[in-house]
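Residue numbers (our numbering), protein chains in the order written: chain A, 1 to 334; chain B, 1001 to 1106. Below is one structure; the comments refer to it alone.
Following this line, the structure appears as structure tokens:
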């Protein structure tokens, strides 16, 4: 089990800056994020977009801001669990918490900070009957370990770069790869699209265009996937795995079940310290709501600073916190 | 002012009146009208969470841009009449149009 002072749920810009503010107060942090990399929306959705309202930066690219935040928190040596969604929260007798992730990683912390932005980014799912019954039994939404697909019959669905890239990669691993796409052309990287068409012409993969997924079937594990083309003709293909790659969408996820006061998918907080209705749980950044809330990164930074000063009493109950400027005290690494 | 109709996820239609001289996008008007439009990226055609279907009045909208089509084609469901609300400017061309919400709820 990982033990830390503060467990931060969400490794976007506000979650990352929380590490800095906590570090100044000698509180250690562990961050969990459902995405496989830090940066949240900035890295996932718009890494190359310029941001103009970060103090001290007339203009900064989203990914550049994330990179700088990572550099800024280096002295405080945070630890990360990435690519795993927080699932369960268990309160301990002493008031602390144990968080369990979707991959059963456990983190013990005195304080929980939810900095989840718009929620965890979850895969967009096709509308198919019995889809949930086959999740983990042939249907997967990301390729974590390509070896899982070695010598298997794999169907990928989608027309973006992920679908093209994994089709190309898995063609050397799987027994058979089929790519299903709604259109006749791909809007992903032209090189990748050309390679996929070449592979289809050479018989290395099966390419099924102008078709949509319609049905999945199997006995305990996925065995076949059906699809229909624009002429309403249906075909069924044997498959061990189906990988729908339709992008990601933010959802609040299991946090909604933690007993927090929630209004329209945002967590209600007390603006004196951004605490929630559950003691020792705070919410900062886009995921919280209060009167006149502004969903701006710089507002999240402010919230993180106030929140850390409030959380200090749980981590160091016997110590009195005295405020010091970094210009006076410096940044003392640990 | 321009008036168009919006059909929500439950099939209910409501007329919306919006100013056509303020450079607003349909996404902004939908959010201001308290429709459950996620609009994660804030209107940059980068997330496709403000997906709408144009049920009537498609001709007045012009063609979708490449970035808009990139996003729409990444969705599990895309229709011939699919657009991103953030890329539709409110103008008098929208008079009488009907939009159906297709994006994810808030």
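Backbone N, C-alpha and C define an ideal beta-carbon position, used for all residues, glycine too.
Quick one: is residue 1033 of chain B buried, meaning 16 or more other Cβ sit within 10 Å of its Cβ, or exposed?
-> Locating residue 1033 of chain B in the second chain gives position 33, counting from the first residue. When all chains shown are included, residue 1033 of chain B counts as exposed.
What residues of chain B sit near residue 160 of chain A, judged by a beta carbon separation below 8 angstroms?
-> Residue 160 of chain A sits at position 160 when you count from the first residue of the first chain. Here the neighbours are 1070, 1073, 1074.
From A/110, A/288, A/241, A/248, pick the residue whose C-alpha is nearest to that of residue 261 of chain A; which is it?
-> As a first step, residue 261 of chain A is located in the first chain; it is residue number 261 there, counting from the start. The candidate whose alpha carbon is nearest that of residue 261 of chain A is A/288.
Range covered by the alpha helix (DSSP H) that runs through residue 97 of chain A = Counting from one through the first chain, the residue named residue 97 of chain A turns up at place 97. Note, residue 97 of chain A: premise wrong, no alpha helix (DSSP H); beta strand (DSSP E) at 97-101.
Nearest to residue 1016 of chain B by CA position, among B/1064, B/1029, B/1036, B/1053, is which residue?
-> In the second chain, counting from the first residue as 1, residue 1016 of chain B sits at position 16. When only C-alpha atoms are compared, the closest one is B/1029.
With a cut-off of 8 angstroms on the beta carbons, I'd call residue 241 of chain A and residue 152 of chain A a contact; round off their distance for me.
-> Position 241 of the first chain, counting from 1, holds the residue named residue 241 of chain A. Position 152 of the first chain, counting from 1, holds the residue named residue 152 of chain A. 6 angstroms between Cβ atoms; contact.
Closest to residue 53 of chain A by CA distance: which of A/2, A/297, A/248, A/319 is it?
-> Indexing the first chain from 1 puts residue 53 of chain A at position 53. For the residues A/2, A/297, A/248, A/319, the minimum Cα distance to residue 53 of chain A belongs to A/297.
Starting from residue 20 of chain A, trace the alpha helix (DSSP H) both ways and give me its first and last residue.
-> For the purposes of this step, residue 20 of chain A is identified with residue 20 of the first chain, where counting begins at 1. Counting along the chain, the alpha helix (DSSP H) containing residue 20 of chain A begins and ends at 13-24.
Best match in B/1077, B/1023, B/1002 for proximity to residue 1103 of chain B [C-alpha to C-alpha] = Taking the first residue of the second chain as 1, we reach residue 1103 of chain B at position 103. For residue 1103 of chain B, the nearest C-alpha among the options comes from B/1077.
Min CB distance residue 1086 of chain B to chain A below 8 angstroms | By 1-based counting over the second chain, the position of residue 1086 of chain B is 86. Output row for residue 1086 of chain B: interface = no.
Please list the segments of the alpha helix (DSSP H) lying wholly inside the segment 239-264 of chain A, counting only runs of 4 or more residues, in order along the chain.
-> none
Counting Cβ pairs, one atom from each stretch, are 3 or more of them under 8 angstroms apart for the segment 246-263 of chain A and the segment 109-126 of chain A?
-> yes
At least one CB of chain B closer than 8 angstroms to the CB of residue 176 of chain A: is that the case?
-> As a first step, residue 176 of chain A must be located in the first chain, where it is residue number 176. For residue 176 of chain A, the answer is no, since every Cβ of chain B falls outside 8 angstroms of its Cβ.
Run the CB neighbour count on residue 230 of chain A, radius 10 Å, all protein chains shown included, and call it buried at 16 or more, exposed below.
-> Within the first chain, the letter at position 230 stands for residue 230 of chain A. With fewer than 16 Cβ atoms within 10 Å of its Cβ, residue 230 of chain A is classed as exposed.
Could you give the distance in angstroms between the alpha-carbon of residue 165 of chain A and the alpha-carbon of residue 188 of chain A?
-> Sequence index remark: in the first chain, residue 165 of chain A carries index 165 (1-based). Sequence index remark: in the first chain, residue 188 of chain A carries index 188 (1-based). Near 9 angstroms, if we compare the C-alpha coordinates of residue 188 of chain A and residue 165 of chain A.
If you run the structure through DSSP and keep just helix, strand and coil, what is residue 87 of chain A?
-> In the first chain, the residue the question calls residue 87 of chain A occupies position 87. DSSP places residue 87 of chain A in strand when its eight states are reduced to three.
From the DSSP output, in three-state form, read off residue 179 of chain A for me.
-> The residue labelled residue 179 of chain A in the question sits at position 179 within the first chain. Here residue 179 of chain A sits in strand by DSSP.
When Cβ atoms are compared, which residues of the segment 18-48 of chain A fall closer than 9 angstroms to chain B?
-> 41, 45, 46
Mapping DSSP to helix, strand and coil, what is residue 118 of chain A?
-> Along the first chain, read from residue 1 onward, the residue named residue 118 of chain A stands at position 118. Coil, per DSSP.
The segment 70-85 of chain A contacting the segment 145-159 of chain A, beta-carbon criterion three pairs below 8 angstroms = no
Checking contacts by CB at 8 angstroms: is residue 249 of chain A closer than that to chain B?
-> Locating residue 249 of chain A in the first chain gives position 249, counting from the first residue. Taking Cβ atoms only, chain B reaches closer than 8 angstroms to residue 249 of chain A, which makes this a yes.
Cα separation between residue 195 of chain A and residue 171 of chain A?
-> Translated into positions along the first chain, residue 195 of chain A becomes position 195. Translated into positions along the first chain, residue 171 of chain A becomes position 171. About 11 angstroms.
For residue 299 of chain A, does the three-state DSSP call read helix, strand or coil?
-> Translated into positions along the first chain, residue 299 of chain A becomes position 299. Residue 299 of chain A: helix per DSSP, three-state reduction.
Along chain A, which residues have their Cβ under 9 angstroms away from the Cβ of residue 1027 of chain B?
-> As a working note, residue 1027 of chain B is residue 27 in the second chain. Simply none; closest approach about 15 angstroms.
Could you give the DSSP three-state label for residue 186 of chain A: helix, strand or coil?
-> Your numbering for residue 186 of chain A matches position 186 in the first chain. Note: residue 186 of chain A maps to coil in three-state DSSP.
Among all the DSSP beta bridges, which residues are the ones paired with residue 1062 of chain B?
-> Here residue 1062 of chain B refers to the residue found at position 62 when the second chain is read from its first residue. Beta-bridge pairing links residue 1062 of chain B to no other residue.
Mind checking which residues open and close the beta strand (DSSP E) that includes residue 1024 of chain B?
-> On the second chain, position 24 is the one that residue 1024 of chain B refers to. It is not in any beta strand (DSSP E) - residue 1024 of chain B carries neither H nor E in the DSSP assignment.
Looking only at its own chain, which residues have a Cβ that is under 7 angstroms from the Cβ of residue 1035 of chain B, when we skip the five neighbours before and after it?
-> On the second chain, position 35 is the one that residue 1035 of chain B refers to. Within the same chain, residue 1035 of chain B has close Cβ partners 1006, 1008, 1101.
With a threshold of 16 other CB atoms inside 10 Å of the CB of residue 36 of chain A, please say whether the residue is buried or exposed.
-> The count along the first chain starts at 1 and reaches residue 36 of chain A at position 36. Exposed is the call here.
Limits of the beta strand (DSSP E) - the one that residue 1056 of chain B falls within | Here residue 1056 of chain B corresponds to residue number 56 of the second chain, with the count starting at 1. Element bounds for residue 1056 of chain B: 1051-1056.
Could one say the Cβ of residue 77 of chain A lies closer than 8 angstroms to chain B's Cβ atoms, at least one of them?
-> Taking the first residue of the first chain as 1, we reach residue 77 of chain A at position 77. Output row for residue 77 of chain A: interface = no.
Is the CB of residue 1101 of chain B under 8 angstroms away from at least one CB in chain A?
-> Within the second chain, residue 1101 of chain B is the residue found at index 101, counting from 1. Taking Cβ atoms only, chain A never reaches closer than 8 angstroms to residue 1101 of chain B, which makes this a no.
Given that a residue counts as buried once 16 or more other Cβ atoms are within 10 Å of its Cβ, and exposed if not, what is residue 162 of chain A?
-> Along the first chain, one-based indexing puts residue 162 of chain A at 162. With 16 or more other Cβ atoms within 10 Å, it is buried.
Three-state secondary structure assigned by DSSP to residue 218 of chain A = Your numbering for residue 218 of chain A matches position 218 in the first chain. Three-state result, residue 218 of chain A: strand.
Closer than 9 angstroms at the beta carbon, the chain A residues around residue 1078 of chain B | As a working mapping, residue 1078 of chain B is identified with position 78 in the second chain. In chain order: 182, 183.
Name the chain B residues that come within less than 9 angstroms of residue 127 of chain A, Cβ to Cβ?
-> The residue given as residue 127 of chain A occupies position 127 in the first chain. Going along chain B in sequence order, the residues near residue 127 of chain A (Cβ under 9 angstroms) are 1076, 1077.
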